[in-house]
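**Q** Take this structure first; my questions come after.
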Ligand SMILES: C[S@@+](CC[C@H](N)C(=O)[O-])C[C@H]1O[C@@H](n2cnc3c(N)ncnc32)[C@H](O)[C@@H]1O
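Numbering (our numbering), first residue to last: 10 to 257.
Set out below in structure tokens:
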């Protein structure tokens with residue numbers, strides 16, 4: 010999914026490319042692969058996690074690349090100008106999306122691009138699969154109860170705050186972008202990829218409100234095994250939202 014977006018936005022003429030929320034550098038690597046031996050380019054990876062930045066610096070040795078610790082919320086104070094900003098698998102983590110999209114717009118000239126993707130958005134379920142996702146949570150709650158724990162529905166269910174593609178589009182337009190091209194790409198999630206989701210704190214908080222994260226992740230994994238066995242499935246399709254907005 011990341012390569013899909015990188016191939017669409019990294020092209021000759023983009024001199025300053027920001028990999029926002031770069032983590033340990035997987036997307037930065039894709040960008041560098043795409044750039045080949047281009048010279049007059051700077052690639053700047055930004056992430057709030059010091060350990061991720063350290064890992065990215067250790068993994069990627071390139072004269073055109075640098076990694077800076079910082080957040081999307083303060084982007085314009087870190088990089089004053091860029092031609093392309095990619096923010097992959099991270100926009101759902103940001104509480105004030107309007108503010109962050111505004112920050113990205115501030116540093117792009119007209120024609121500059123902002124690309125983001127996520128599978129944590131309102132509309133990620135493929136038709137006919139909601140039974141799977143619902144049963145997964147029911148079985149996880151059962152697994153929790155077997156261990157004497159329970160969910161607390163008074164806690165804020167963060168997953169319900171995921172935005173729809175239309176809401177993302179409206180935020181981009183309000184920030185000064187042309188209406189973004191948004192595609193929903195269907196991906197078959199394997200058991201392993203869903204175990205990854207089951208370890209994602211926002212997902213745990215949304216699915217099992219009030220449950221300590223480690224207990225929640227464990228219950229979700231048990232619930233996943235039971236659900237996949239009961240329904241006899243080995244993969245489940247889910248949409249990834251891929252968005253490219255051009256500064257107007
Ligand atoms: C799931 S990882 C994605 C890493 C990489 N972009 C990829 O797609 O492989 C999400 C990253 O977003 C970063 N992140 C979380 N909050 C952020 C924020 N407010 N501004 C920038 N990055 C943030 C996290 O530290 C983490 O490295």
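Where is the CB? At the ideal position from N, CA and C, for every residue including glycine.
1) Which residues have a Cβ closer than 6 Å to any heavy atom of ligand 1, listed in chain order?
2) Just mark residue 106 as buried or exposed, buried being the case when its beta carbon has 16 or more other beta carbons within 10 Å.
3) Using a Cβ-Cβ cut-off of 6 Å (strictly less than) and excluding sequence neighbours within five positions of residue 168, which residues of its own chain qualify?
4) Which residue wins for smallest C-alpha separation from residue 3, given the options 249, 254, 212?
5) Could you say which of 240, 156, 91, 207 lies nearest to residue 55 if we only look at CA atoms?
6) Report all residues from its chain with a CB closer than 7 Å to the CB of residue 230; omit the five preceding and five following residues, and keep chain order.
7) My guess is that residue 129 and residue 113 are in contact by the Cβ rule of under 8 Å, so how many angstroms apart are they, rounded?
8) Between residue 19 and residue 43, is the Cβ-Cβ spacing less than 7 Å?
9) What span of residues does the alpha helix (DSSP H) with residue 63 cover, start to end?
10) Between which two residues does the beta strand (DSSP E) harbouring residue 205 extend?
11) For the alpha helix (DSSP H) that residue 24 lies in, which residues bound it at each end?
**A** From the atom records:
1) 11, 29, 30, 31, 32, 35, 36, 56, 57, 58, 61, 80, 81, 82, 97, 98, 99, 102, 103
2) buried
3) Residue confidence for residue 168 is low, a pLDDT of 45 falling below 50, so the modelled location carries little weight; the figure read from the coordinates is stated next. Cβ within range, chain order: 215.
4) What the structure shows of the chain is the stretch from 10 to 257, and residue 3 is not part of that stretch, so it cannot be assessed.
5) Ranking 240, 156, 91, 207 by Cα distance to residue 55 puts 91 first.
6) 204, 207
7) Your pair residue 129 and residue 113 does not check out as a contact, with CB atoms roughly 19 Å apart and the cut at 8 Å.
8) yes
9) 59-68
10) From DSSP, residue 205 is part of no beta strand (DSSP E) but of the alpha helix (DSSP H) over 200-207.
11) Careful: residue 24 lies outside any alpha helix (DSSP H) and carries neither H nor E.
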